[in-house]
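Student:
Number of protein chains: 2
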Amino acid sequence: MRIIVDAFGGDNAPREILLGCAQAMEPLGIDVALAGDKDQLLACAKELGLEESFRKMEVLHASQTLTMEDEPSSILKEKAASSMAVGMRALAQGKGDAFASAGNSGALTVGATMLVKRMKGVKRVAFAPVLPTTKTPFMVCDGGANVVCRADMLLQFGLMGSAYMENVMGVQAPRVGLVNVGTESHKGDDLRQEAYALLKSCPGLNFVGNVEPRDIPYGACDVAVADGFTGNTVLKLYEGTALAMMGMVKDIFQKNVKNKLAAALIYGDLQGLKKTMDYNSYGGAPILGAAKPVFKMHGNAKAKAVQSALKLVRDCTQSGYVEAITQALAN
Amino acid sequence: MRIIVDAFGGDNAPREILLGCAQAMEPLGIDVALAGDKDQLLACAKELGLEESFRKMEVLHASQTLTMEDEPSSILKEKAASSMAVGMRALAQGKGDAFASAGNSGALTVGATMLVKRMKGVKRVAFAPVLPTTKTPFMVCDGGANVVCRADMLLQFGLMGSAYMENVMGVQAPRVGLVNVGTESHKGDDLRQEAYALLKSCPGLNFVGNVEPRDIPYGACDVAVADGFTGNTVLKLYEGTALAMMGMVKDIFQKNVKNKLAAALIYGDLQGLKKTMDYNSYGGAPILGAAKPVFKMHGNAKAKAVQSALKLVRDCTQSGYVEAITQALAN
Chain S
380 MRIIVDAFGG DNAPREILLG CAQAMEPLGI DVALAGDKDQ LLACAKELGL
430 EESFRKMEVL HASQTLTMED EPSSILKEKA ASSMAVGMRA LAQGKGDAFA
480 SAGNSGALTV GATMLVKRMK GVKRVAFAPV LPTTKTPFMV CDGGANVVCR
530 ADMLLQFGLM GSAYMENVMG VQAPRVGLVN VGTESHKGDD LRQEAYALLK
580 SCPGLNFVGN VEPRDIPYGA CDVAVADGFT GNTVLKLYEG TALAMMGMVK
630 DIFQKNVKNK LAAALIYGDL QGLKKTMDYN SYGGAPILGA AKPVFKMHGN
680 AKAKAVQSAL KLVRDCTQSG YVEAITQALA N
Chain Y
380 MRIIVDAFGG DNAPREILLG CAQAMEPLGI DVALAGDKDQ LLACAKELGL
430 EESFRKMEVL HASQTLTMED EPSSILKEKA ASSMAVGMRA LAQGKGDAFA
480 SAGNSGALTV GATMLVKRMK GVKRVAFAPV LPTTKTPFMV CDGGANVVCR
530 ADMLLQFGLM GSAYMENVMG VQAPRVGLVN VGTESHKGDD LRQEAYALLK
580 SCPGLNFVGN VEPRDIPYGA CDVAVADGFT GNTVLKLYEG TALAMMGMVK
630 DIFQKNVKNK LAAALIYGDL QGLKKTMDYN SYGGAPILGA AKPVFKMHGN
680 AKAKAVQSAL KLVRDCTQSG YVEAITQALA N
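Residue numbers (my numbering), protein chains in the order written: chain S, 380 to 710; chain Y, 380 to 710.
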């Protein structure tokens with residue numbers, strides 16, 4: 380399997396991306412094709428003492444870099460020669476099996492739609508991160524690709540998310556819930572009421588009804604269906620609250636000698652909790668609905684997170700989730 | 380000051396409501412008028428041994444109870460004789476200075492609008508709970524009263540929230556933020572972009588721009604302006620995530636003897652954290668925009684939470700926040 384990686388996407392590019400790829404290739408049994416400026420990559424590889432690994436990678440030369448400040452649509456025009464654009468076109472042309480980037484999410488969504496193209500019948504691609512709960516992990520779909528949505532889009536998000544959770548995460552009959560302000564079927568605005576009706580009457584979907592945000596951290600559903608605005612709010616508030624709470628617990632443990640002793644006693648368990656709630660451990664998130672596997676890595680991913688992401692990309696791609704989604708939408 | 384209390388609202392009514400009121404009157408220096416069925420209240424008072432306190436309370440007899448299953452609009456028709464409706468009409472008629480209920484939020488919103496009436500110029504009343512962060516508390520406005528909003532409503536939510544935080548919570552020039560999927564001014568849907576423009580150009584408002592949900596737990600703003608759907612999502616996910624995290628920490632501490640020892644060492648600090656993140660300690664939330672003080676108590680409030688709520692109601696009412704909001708909207 381060959382994974383095309385945007386070497387110039389994210390806060391720590393190209394250094395940590397290159398390092399992560401070099402460390403991942405052999406253990407994961409994957410080939411890597413790096414999209415980015417050839418000379419800069421070579422210099423970076425030398426600096427890191429990674430010449431040998433680097434020689435095993437293909438380089439897809441790209442003279443530009445698309446930044447967080449660039450407009451998403453710039454990937455089609457002003458930044459058509461960027462590492463992200465070059466990598467995605469290469470994926471579309473069959474020069475690799477999957478594409479991963481830690482760069483601009485908006486541009487990645489546009490690229491997935493316009494360069495990689497959508498699966499047949501898909502209205503909009505969705506950003507679909509998987510997050511931890513106190514029980515089993517769940518997917519937010521859409522986590523922010525589409526700020527404004529129609530009800531038929533939400534139905535597809537549910538179908539795509541369900542197919543992914545079943546094929547990649549091994550969840551039997553994934554519980555699909557609609558994020559809403561109450562559990563009763565009449566709750567929410569027109570969008571929610573229409574989406575509820577569509578989801579409920581869809582054969583083959585295990586729709587569990589409306590899910591209140593308060594129950595999500597307790598594992599109320601396997602797929603949380605939302606418009607991109609709501610999904611992004613859920614995603615970011617969830618991350619922020621978990622991090623803030625962990626920070627407050629950490630502060631308590633560092634307050635004085637007595638507390639430090641307590642921390643030492645439960646160090647292992649606390650690390651376990653931290654790991655459970657660490658969204659980075661999930662490595663990355665798929666852009667569902669693209670005709671080929673496209674993944675977003677966390678913007679501040681370091682080498683270790685890049686490795687985790689590449690493992691996820693490999694496993695997902697091997698699972699054949701794109702075909703599974705195509706099948707689910709066709710039914 | 381006389382506070383009218385819905386004796387039959389919430390999961391633990393009338394028992395815990397009556398108990399909370401009885402315990403609060405003398406320490407808080409308030410009079411209480413109970414809205415509810417006279418005979419049932421008398422029987423409950425006898426059962427609790429509270430006849431003496433009960434004699435000091437006025438009873439506003441109401442033959443019906445409005446439940447969580449009732450339609451919000453039922454407060455105007457089928458349930459016009461409910462304790463909630465009777466209490467709110469009494470407030471409107473000047474038979475008390477404020478009204479508090481732990482009952483159906485939707486009905487409370489309708490009652491605030493139609494029975495108590497809105498302040499002059501207010502488009503919609505808003506449910507406005509104050510929540511803790513790692514730093515200073517913040518208000519969500521609207522927390523769920525209006526699922527669908529226009530931009531001019533969001534502007535008013537910002538103005539009302541700001542006046543409340545300044546007058547009741549003593550925050551100087553409260554930082555008003557718009558909950559959005561990114562900090563840049565062009566982010567979000569049409570509603571967010573229009574609201575941004577209105578909030579930014581409003582004199583006398585300390586608008587700090589868009590606030591990403593991830594930064595809210597760290598105290599990014601004093602007033603988080605949102606449509607009721609988004610605000611309710613923030614409110615419920617925030618509560619749920621904080622509770623889930625506290626539960627996971629608690630599980631760790633109860634895992635074995637070693638961990639229990641660690642817990643004993645930091646018991647006081649952990650209780651402090653729990654208290655910091657406990658939304659119940661804030662007692663209740665105002666319905667902003669009503670012409671007189673109307674408060675929602677937590678649905679599962681017990682006597683202690685009722686006491687906290689009545690203290691909040693007293694302090695808020697004394698602060699003259701209704702007049703402060705009227706002033707802020709007039710400017």
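Yeah, the Cβ is synthetic: ideal placement off N, Cα and C, and Gly gets one too.
Measuring alpha carbon to alpha carbon, tell me which of Asn-710(S), Ile-382(S), Gly-699(S), Ala-386(S) ends up nearest Glu-545(S).
Tutor: Mapped onto the first sequence, residue 545(S) falls at position 166. Per the Cα distances, Gly-699(S).
Student: On the DSSP bridge assignment, give the partners of Met-518(S) in chain order.
Tutor: Indexing the first sequence from 1 puts residue 518(S) at position 139. Paired residue(s): Val-509(S), Val-602(S).
Student: Taking the alpha-carbon of Tyr-646(S) as reference, which of Gly-662(S), Gln-697(S), Lys-629(S) has the nearest alpha-carbon?
Tutor: For the purposes of this step, residue 646(S) is taken as residue 267 along the first sequence, with counting starting at 1. Nearest option by C-alpha distance: Lys-629(S).
Student: Taking C-alpha atoms, which residue in Asn-635(S), Ala-669(S), Met-627(S) lies nearest to Leu-649(S)?
Tutor: For the purposes of this step, residue 649(S) is identified with residue 270 of the first sequence, where counting begins at 1. Leu-649(S) has its Cα closest to that of Met-627(S), out of Asn-635(S), Ala-669(S), Met-627(S).
Student: Within 8 Å of any Cβ in chain A, is that where the Cβ of Ala-524(S) sits?
Tutor: Here chain A cannot be found, since the structure's protein chains are S and Y.
Student: For the region 604-623 of chain Y, list every residue whose C-beta sits within 7 Å of some C-beta in chain S, in sequence order.
Tutor: Listed by position along the chain: Phe-608, Thr-609, Asn-611, Thr-612, Val-613, Lys-615, Leu-616, Tyr-617, Glu-618, Gly-619, Thr-620, Ala-621, Ala-623.
Student: Can you look up Ile-666(Y) in the DSSP assignment and give me helix, strand or coil?
Tutor: Within the second sequence, the letter at position 287 stands for residue 666(Y). If DSSP states are grouped into helix, strand and coil, Ile-666(Y) belongs with the strands.
Student: Residues of the region 569-594 of chain Y in Cβ contact with chain S at a cutoff of 7 Å, in chain order, please.
Tutor: Correct list: Glu-591, Pro-592, Arg-593, Asp-594.
Student: Kindly indicate if chain Y contains any beta-carbon less than 8 Å away from that of Val-519(S).
Tutor: Working through the first sequence from its first residue, we reach residue 519(S) at position 140. Not one chain Y Cβ lies under 8 Å of Val-519(S).
Student: Can you confirm whether Ala-401(Y), when its beta carbon is compared against all beta carbons of chain S, has any partner nearer than 8 Å?
Tutor: Position 22 of the second sequence holds residue 401(Y). It does not: the Cβ of Ala-401(Y) has no partner Cβ on chain S nearer than 8 Å.
Student: What residue from Lys-417(Y), Glu-431(Y), Leu-421(Y) has the CA that sits closest to Leu-439(Y)'s CA?
Tutor: As a working note, residue 439(Y) is residue 60 in the second sequence. Ranking Lys-417(Y), Glu-431(Y), Leu-421(Y) by Cα distance to Leu-439(Y) puts Lys-417(Y) first.
Student: Check whether chain Y comes within 8 Å of Met-463(S), counting only Cβ atoms and requiring the distance to be less than that.
Tutor: Along the first sequence, read from residue 1 onward, the residue named residue 463(S) stands at position 84. No, Met-463(S) does not count as interfacial toward chain Y.
Student: Could you tell me which residues DSSP pairs with Asn-589(Y) in its beta bridges?
Tutor: Taking the second sequence and counting its residues from 1, the one referred to as residue 589(Y) is at position 210. According to DSSP, which records beta bridges pairwise, Asn-589(Y) is partnered with Leu-557(Y).
Student: Answer with yes or no whether the minimum CB distance from Asn-483(Y) to chain S is below 8 Å.
Tutor: If you number the second sequence from 1, residue 483(Y) lands on position 104. Cβ-Cβ to chain S under 8 Å: no for Asn-483(Y).
Student: Measuring alpha carbon to alpha carbon, tell me which residue in Glu-563(S), Lys-653(S), Leu-708(S), Glu-457(S) is nearest Ala-669(S).
Tutor: Position 290 of the first sequence, counted from the first residue, corresponds to residue 669(S). Of the listed residues, the one whose Cα sits closest to Ala-669(S) is Leu-708(S).
Student: In the DSSP assignment, find the unbroken beta strand (DSSP E) run with Gly-415(Y) in it and report its ends.
Tutor: The residue labelled residue 415(Y) in the question sits at position 36 within the second sequence. Note, Gly-415(Y): beta strand (DSSP E), 410-415.
Student: Is any beta-carbon of chain S found at less than 8 Å from that of Leu-652(Y)?
Tutor: Indexing the second sequence from 1 puts residue 652(Y) at position 273. Output row for Leu-652(Y): interface = yes.
Student: Whole-angstrom Cβ separation of Cys-695(Y) and Val-547(Y), contact assumed at under 8 Å?
Tutor: Within the second sequence, the letter at position 316 stands for residue 695(Y). Within the second sequence, the letter at position 168 stands for residue 547(Y). Yes, Cys-695(Y) and Val-547(Y) are in contact; Cβ-Cβ is about 5 Å, under 8 Å.
Student: Confirm, please, whether the CB-CB distance from Gly-490(S) to Met-467(S) is below 8 Å.
Tutor: In the first sequence, the residue the question calls residue 467(S) occupies position 88. In the first sequence, the residue the question calls residue 490(S) occupies position 111. Contact flag set, yes.
Student: Report back the beta-carbon spacing between Gly-389(S) and Ile-382(S) to the nearest angstrom; my notes put them in contact at under 8 Å.
Tutor: For the purposes of this step, residue 389(S) is identified with residue 10 of the first sequence, where counting begins at 1. For the purposes of this step, residue 382(S) is identified with residue 3 of the first sequence, where counting begins at 1. Not quite, the Cβ-Cβ distance comes to about 15 Å (not below 8 Å), so this is no contact.
Student: Give a yes or no on contact between the region 504-513 of chain Y and the region 634-646 of chain Y, applying the rule of three or more CB pairs nearer than 8 Å.
Tutor: Flag = no, the region 504-513 of chain Y and the region 634-646 of chain Y do not touch.
Student: Within its chain, find whatever has a CB closer than 6 Å to the CB of Pro-451(Y); leave out the 5 residues flanking it on each side and keep chain order.
Tutor: As a position in the second sequence, residue 451(Y) is number 72, starting the count at 1. Here the set comprises Gly-485, Ala-486, Val-489.
Student: So, is the C-beta of Thr-446(Y) closer than 8 Å to a C-beta in chain S?
Tutor: Here residue 446(Y) corresponds to residue number 67 of the second sequence, with the count starting at 1. Thr-446(Y) does not count as touching chain S.
Student: Check whether the region 559-566 of chain Y touches the region 507-526 of chain Y, taking contact to mean three or more Cβ pairs, one atom from each stretch, closer than 8 Å.
Tutor: No contact exists between the region 559-566 of chain Y and the region 507-526 of chain Y.
Student: Apart from the five residues on each side of it in sequence, which residues of its chain come closer than 7 Å, Cβ to Cβ, to Val-587(Y)?
Tutor: Locating residue 587(Y) in the second sequence gives position 208, counting from the first residue. So the qualifying residues of the chain are Arg-554, Val-555, Gly-556, Cys-600.
Student: Kindly indicate which residue of Leu-421(S), Glu-437(S), Glu-426(S) has the alpha-carbon position closest to the one of Val-411(S).
Tutor: Mapped onto the first sequence, residue 411(S) falls at position 32. Minimum Cα distance to Val-411(S) is reached at Glu-437(S).
Student: Does DSSP put Phe-387(S) in a helix, in a strand, or in coil?
Tutor: Taking the first sequence and counting its residues from 1, the one referred to as residue 387(S) is at position 8. Phe-387(S) falls in the coil class under three-state DSSP.
Student: Got a sec? Which residues, its chain only, sit under 6 Å from Met-676(Y) by beta carbon, not counting five neighbours each side?
Tutor: Your numbering for residue 676(Y) matches position 297 in the second sequence. Result list for Met-676(Y): Ala-479, Ala-481, Gly-663, Ala-688, in chain order.
Student: For Ala-460(S) and Gln-472(S), I'd like the C-alpha separation in whole angstroms.
Tutor: Reading the first sequence from its first residue, position 81 is the one you call residue 460(S). Reading the first sequence from its first residue, position 93 is the one you call residue 472(S). Cα to Cα, the separation comes out at about 16 Å.
Student: Mind pulling the chain S residues with CB within less than 8 Å of Lys-637(Y)?
Tutor: Taking the first residue of the second sequence as position 1, residue 637(Y) is located at position 258. Within 8 Å Cβ-Cβ: Leu-644, Ile-645.
Student: Grab me the residues of Met-539(Y)'s own chain with a C-beta within less than 8 Å of its C-beta, minus the 5 sequence neighbours each way, in chain order.
Tutor: As a first step, residue 539(Y) is located in the second sequence; it is residue number 160 there, counting from the start. For Met-539(Y), where only same-chain residues beyond five positions count, the Cβ hits under 8 Å are Val-501, Ala-505, Ala-507, Cys-520, Leu-667, Gly-668, Ile-704, Ala-707, Leu-708.
Student: Counting only Cβ-Cβ distances shorter than 9 Å, please list the residues of the region 487-521 of chain S near chain Y, keeping chain order.
Tutor: Answer set for the region 487-521 of chain S: Thr-512, Thr-513.
Student: Chain S partners of Asp-648(Y), CB-CB under 8 Å?
Tutor: Taking the second sequence and counting its residues from 1, the one referred to as residue 648(Y) is at position 269. Chain S residues near Asp-648(Y): Ile-631, Lys-634, Asn-638.
Student: For Gln-443(S), tell me which candidate among Pro-516(S), Val-692(S), Ile-454(S) has the shortest Cα-Cα distance.
Tutor: In the first sequence, the residue the question calls residue 443(S) occupies position 64. Nearest option by C-alpha distance: Ile-454(S).
Student: Any C-beta of chain Y sitting closer than 8 Å to the C-beta of Val-560(S)?
Tutor: Locating residue 560(S) in the first sequence gives position 181, where the first residue counts as 1. Closer than 8 Å: yes.
Student: Assuming Arg-593(S) and Glu-618(Y) are in contact, meaning their beta carbons sit under 8 Å apart, how far apart are those beta carbons, in whole angstroms?
Tutor: Taking the first residue of the first sequence as position 1, residue 593(S) is located at position 214. Taking the first residue of the second sequence as position 1, residue 618(Y) is located at position 239. Sure, about 6 Å apart at Cβ, within 8 Å.
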